[in-house]
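Number of protein chains: 2
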Amino acid sequence: MIITLVQMNSVIGDFRGNAKRMVELAKKAREGTTRGADAGCRVPTLVVFPELSLCGYPPMDLLDQNAFVAGNLAALRYLQKELPPELSVAVGYVDRNRTGSGRALVNAMSVIAGGKLVFTQDKTLLPTYDVFDEARYFEPARTRKVFTPPEARIGFAICEDFWWEAPPEPSFKYPVDPVKDLLDAGIDILIVPSASPFVAGKLQTRLSLARSTALEGQIPVLYCNAVGANDSLVFDGRSFAVNCHGEAVATCGWGESFLTIDTETMESDILDLAESEPAPDARARAPGCISKEEEIHQALIVGIRDYMRKSGFSKACLGLSGGIDSAIVAVLAAEAIGPENISCIAMPSRFSSDGSLDDAVDLCRRNHIMLERLSIEGPFTSYLNLLEKPFAGKAYDSTEENLQARIRGTLLMAWSNKFNALLLTTGNKSELAAGYCTLYGDMCGALAPIGDLFKTEVYALAKHLNKLAEAEGRMAPIPQPIIDKAPSAELRFNQTDQDTLPPYDLLDAVLREYIEENRCLEEIVALGYDRIVVEKILSMTARAEYKRRQAAPAIKVSKRAFGIGRRLPLARAIHEITADKS
Amino acid sequence: MIITLVQMNSVIGDFRGNAKRMVELAKKAREGTTRGADAGCRVPTLVVFPELSLCGYPPMDLLDQNAFVAGNLAALRYLQKELPPELSVAVGYVDRNRTGSGRALVNAMSVIAGGKLVFTQDKTLLPTYDVFDEARYFEPARTRKVFTPPEARIGFAICEDFWWEAPPEPSFKYPVDPVKDLLDAGIDILIVPSASPFVAGKLQTRLSLARSTALEGQIPVLYCNAVGANDSLVFDGRSFAVNCHGEAVATCGWGESFLTIDTETMESDILDLAESEPAPDARARAPGCISKEEEIHQALIVGIRDYMRKSGFSKACLGLSGGIDSAIVAVLAAEAIGPENISCIAMPSRFSSDGSLDDAVDLCRRNHIMLERLSIEGPFTSYLNLLEKPFAGKAYDSTEENLQARIRGTLLMAWSNKFNALLLTTGNKSELAAGYCTLYGDMCGALAPIGDLFKTEVYALAKHLNKLAEAEGRMAPIPQPIIDKAPSAELRFNQTDQDTLPPYDLLDAVLREYIEENRCLEEIVALGYDRIVVEKILSMTARAEYKRRQAAPAIKVSKRAFGIGRRLPLARAIHEITADKS
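Protein chains in written order, with our numbering: chain A, 1 to 582; chain B, 1001 to 1582.
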């Protein structure tokens, strides 16, 4: 049987646009794929789209709006009418729960053939952890059915249905294993339509789950993932086919693509639908050969590019301090949307070093980005004069430091408003954790490209980008002094981050245990870290929650990012450092 | 049987503090209540605390931290040791799910007597809608058991377990009715330990559910709710007892209180534990007699006071424009924490009317609040000079309007930082909906006291507060000109809100249908509203989502507030106005 997986980039709520694109892609898939010297022209009988591809994922509380569900069902009828009738097409959409009990909706997938829905399977396991909230909306499927066209018995496991073996936490067990049910019922092929967001290293988990299922059932496993980004989530595509010996025989890149596979011979073709587009798609490599830094690099490019496109911006701006964070955001943004669409603004003060401005100039020169210089001394003096009387007798403190950051935020927002350029905020995960950032100051912005990278990861990515350029014979995008100098906020004379924070390698290691592994004080201390330092880090992080509640969405690359996937109360006791004593 | 319901104000994560307070309150309850001329001294054998009272509600993702669950279980052991052994005490806490399948935790309630857990019931219905996420953490109870001390057969329905008849949406049906299970098993008394957040009018629903259960089972129903606020949620207490004829025989106020009831005679006492405290507790009236405005008034006072206390602030500040929104926030804050703890800052510009400043002065005079005047002309001019070159040839537009709002936000944050005063933001729900507000400008602040009140509701509350003062012989807190004049942001000459927005009565009516009732364009038009106006309002609201994602938490008073209970994607198609055409 010949099957084409279509990894597609849906826009949430754009039912008409998504449906039209699906018809277009199904017609294109029907023409067959001819790429590759050894490949004949393979014409699929089944075309598969990702989970919820008709409405986009995650729709979140738009699902509470009747018109959203109705719009997506109207688009389903459009597909029934417009899809080539001789093709079978598997489509993910939201359906109403018609059982009369439980949640009002289901996360459905139907096969459309000859204008009819010939098969439907709802999702059974509804992820409700981290960034996922599916139990908020959907009723789980009660049965797992087998799709039985003449050629084969096909099972569909929708995304999480495939993850029974790898639950979000070891202490959590789903009561049902949908894949086992399908294997017990007897299937020849397992297809996994997904909308699985990127986390560094996650592809290996997907492949390992597929391998184990393929070996257990002695069947091929076809994994079809969404591509593109929605807010903080990047869908990394990388759809793949695994043969019945558990070997990956084909893996797509990060862009819209077809993966066509003959399930008898396991011969396959991949067609990248955006070949004319620049990186990162063109640089997509076999999954085994890609480093963690390159994975993150590609995810951030997709994340920036898609957020801008889907929110209607072609231009971006950011503040360039001369430090590593803003430098790397500038380089990523230039790659994502073109350097001609980026404005960098350097905003020196009396506390800025000459080196900082030189480094900013050098960075922009290397990356062909426009740099505007706006000294904040005028507004700063004006605020200080205005506040002189009410603040009389009070010492210079973090108030005046924050003031400088807020002047910069105000200037950047003025630039953003006047030139309709989306403001990128340049904070990293270490700063956001420790609260070493100014709310309404450097935290201003619509998107935080590196908000889920620890400072040490930012350095690693910078070095990777320079190495990549070197390997490709380009000039290093990031000047070496930016990588070498001690990080500083430059909000008072001779300030460095380490006046306030523990060394970044220590800070990041502890934060990773606390935030990503949910380890507590005692557990982290037991790993060999100093109790006083760990207490300080946990306390700083817990106390800064109010800042993060008002932060821009960060592009998720780790298993636990700040934002919609980590929800904490603000007004509370810091049990992290006191619970053990009670 | 004599039972005391204790409506308690827990702090999330303060296991030691909550447990100590519970021991203290249980001992106090054991002394019996003697208040009321007709009441003898009633000594309870059972004392009931609210849902999750040991750890506080809602703990949110703190539940992912092992140390949080462990800390709360350690506090449970402390209670077993320290509670008076002759009392039976029902306590809500988080327990581990020991069944080996499903979620790692349960939302539990145990009766402690003689140092032992003599009865445990987990929660069955796990609310997962609006502000609730319980399916994210908890496994539901599989059985409903009856607690059988010598005196009576008692059923416990934990909060949502009591709400089977009133699901969040008509299209949603819980598959199990825990109260029916208990009635079928045979109970003499139903107790409902809850952490039920305030929504205007919700008490009537609670009473009506209790009435219907009481009549069906011919048993008394005792409802024990939490008090205090956590971030955007206010727990309004108002615990009550309903007799077997469905009549409410006692209802508490909004503060920490005992409700002691003899379930044979249904004679009751209420003891307000904070009688020395000022309003709103002292003004608590019988539930039937309280207006919607007075309910909201009390909720906002509790919300402001508790957020400040639990986040460690004694002082607050806010910007006073001379308009209705900031005026009412100032009055509420003064009532909540004392006028001596409030700083109001008036920040006039070239566009401010004289009337505005006069009104601000009058307001502060009436309410004994300190007023600081800081003209923004200096910083405004300084920014305009700095931006003159890059903005050359560009017209004055919303950039310069936002700039003024951001200068004010910056000054207020400087004040907040320097004087350690929590900044209250003064935006209302109509503005937040339409995006008629400046991110990092007037949206700056840690808490939005009236962020869930439509503009028309703000006016109604202002009139109510003035009437209340009149009835109590006090000076009206809000000067009449503030109520009478046309609302204006004063960001350009002769600006009024209605240059940009539809009239507020129309705007608010449409917003209520869209946001609170989830009605779509066609449904709202069918109610008789003009299609063009509705399209404009829906489109404005959908497009402003990115601002609300970074907004301060608003105190929830409606069935659907912006914030954690309404989660929408940012980068998406505005299906609200296009879906019908696809």
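A virtual CB, placed ideally from N, CA and C, is assigned to each residue, including glycine.
Computed from a predicted structure; not experimentally measured.
| query | result |
| --- | --- |
| What number of angstroms, rounded off, separates the C-alpha of GLN498/A from the C-alpha of CYS364/A? | 27 Å |
| Who are the Cβ neighbours of CYS437/A in its own chain at under 7 Å, not counting the five residues just before and after it? | GLY427, GLU431, MET443, LYS547 |
| Can you list, in chain order, the stretches of the alpha helix (DSSP H) that have 4 or more residues and sit fully within the region 1506-1562 of chain B? | 1521-1526, 1531-1543, 1545-1549 |
| My output table needs one value for PHE49/A: the three-state DSSP class, helix, strand or coil. | coil |
| From ALA1210/B to LEU332/A, what distance separates their C-alpha atoms? | 59 Å |
| Below 8 Å, is the gap between the Cβ of THR456/A and the nearest heavy atom of the ligand SAH? | The ligand SAH is absent from the structure shown, which contains no ligand whatsoever. |
| Are there 16 or more other CB atoms within 10 angstroms of the CB of THR1198/B, so buried, or fewer, so exposed? | Per the sequence shown, residue 1198/B should be read as Phe rather than Thr. Buried, by the Cβ-count rule. |
| So, for PHE419/A: in the same chain, excluding its five sequence neighbours on each side, which residues have a beta-carbon less than 8 Å away from its beta-carbon? | LYS315, CYS317, SER343 |
| Which chain A residues are close to ILE1304/B, counting only those with a beta carbon under 7 Å from its beta carbon? | The premise fails here: ILE1304/B is roughly 11 Å from chain A at the closest Cβ pair, so nothing lies under 7 Å. |
| What would DSSP say about SER1326/B, mapped onto helix, strand or coil? | helix |
| Just the C-alpha distance for ILE1002/B and PRO167/A, rounded to the nearest angstrom, thanks. | 47 Å |
| Between ALA586/A and PRO50/A, what straight-line distance do the alpha-carbon atoms span, to the nearest angstrom? | As shown, chain A starts at 1 and ends at 582. That puts residue 586/A outside it, with no answer to give. |
| Classify MET60/A as buried or exposed, calling it buried when 16 or more other Cβ atoms lie within 10 Å of its own Cβ. | buried |
| Can you name the start and end residues of the beta strand (DSSP E) that PRO193/A belongs to? | 189-194 |
| Rounded to whole angstroms, how far is the Cβ of TYR1223/B from the Cβ of PHE1235/B, which I believe are closer than 8 Å? | About 13 Å separates the two Cβ atoms, so there is no contact after all. |
| Kindly identify the DSSP beta-bridge partner or partners of GLU1372/B. | ILE1345/B |
| So what does MET1109/B bridge to, in DSSP terms? | GLY1092/B, GLN1121/B |
| Closer than 8 Å by beta-carbon distance: list the chain A residues that pair up with PRO1058/B, in chain order. | PRO569 |
| Indicate the three-state DSSP secondary structure (helix, strand or coil) for SER212/A in the structure shown. | helix |
| Using the beta-carbon of each residue, which ones in chain B are nearer than 8 Å to GLU516/A? | Per Cβ cutoff of 8 Å: no residues; GLU516/A is ~11 Å from chain B at best. |
| DSSP three-state call for ILE574/A: helix, strand or coil? | coil |
| In chain order, what are the residue ranges of uninterrupted beta strand (DSSP E) at least 3 long that sit wholly in the region 1353-1435 of chain B? | 1370-1373, 1421-1423 |
| Please report the straight-line C-alpha distance between LEU453/A and VAL525/A, rounded to a whole angstrom. | 23 Å |
| Can you give me the C-alpha to C-alpha distance between GLY186/A and ARG153/A, rounded to a whole angstrom? | 7 Å |
| Find the nearest neighbour of PRO390/A within the set LEU1521/B, HIS1464/B, LEU1371/B, ALA1392/B, judged by alpha-carbon distance. | LEU1371/B |
| Identify, in the order they occur along the chain, each residue of the same chain with its Cβ nearer than 7 Å to the Cβ of ARG103/A, setting aside the five sequence neighbours on each side. | ASN97, TYR137, PHE138, GLU139 |
| By DSSP, does ILE304/A sit in helix, in strand, or in coil? | helix |
| Can you round the beta-carbon distance between THR1260/B and ILE1189/B to whole angstroms, since I take them to be within the 8 Å contact cut? | With 8 Å as the limit, THR1260/B and ILE1189/B do not qualify as a contact, their Cβ atoms being about 14 Å apart. |
| Quick check: the Cα distance between PRO1191/B and SER1558/B, rounded to an integer number of angstroms? | Looking at the sequence provided, one finds Ile at residue 1191/B rather than Pro. Straight-line Cα distance between these residues: approximately 26 Å. |
| Please confirm if THR578/A has its CB atom under 9 Å from at least one CB of chain B. | yes |
| Residues of chain B with a CB under 7 Å from the CB of LEU386/A: which are they? | LEU1374, GLY1378, PRO1379 |
| What are the residues that DSSP puts in a beta bridge with CYS444/A? | Paired residue(s): none; CYS444/A is not in a bridge. |
| Using the Cα positions of ARG1285/B and GLY1253/B, report the straight-line distance between them to the nearest angstrom. | Confidence is the limiting factor: at ARG1285/B the pLDDT is only 43, short of 50, which leaves the residue's position unreliable and the question unanswerable from this model. |
| Taking its Cβ as the centre, do 16 or more other Cβ atoms sit within 10 Å of GLN1298/B, making it buried, or is it exposed? | buried |
| From ARG1206/B, ILE1555/B, SER1488/B, GLN1065/B, pick the residue whose C-alpha is nearest to that of GLU1401/B; which is it? | SER1488/B |
| Once you ignore the five residues that flank LEU1125/B on each side, which residues in its own chain have a CB closer than 6 Å to its CB? | GLU1160, ASP1161, TYR1174 |
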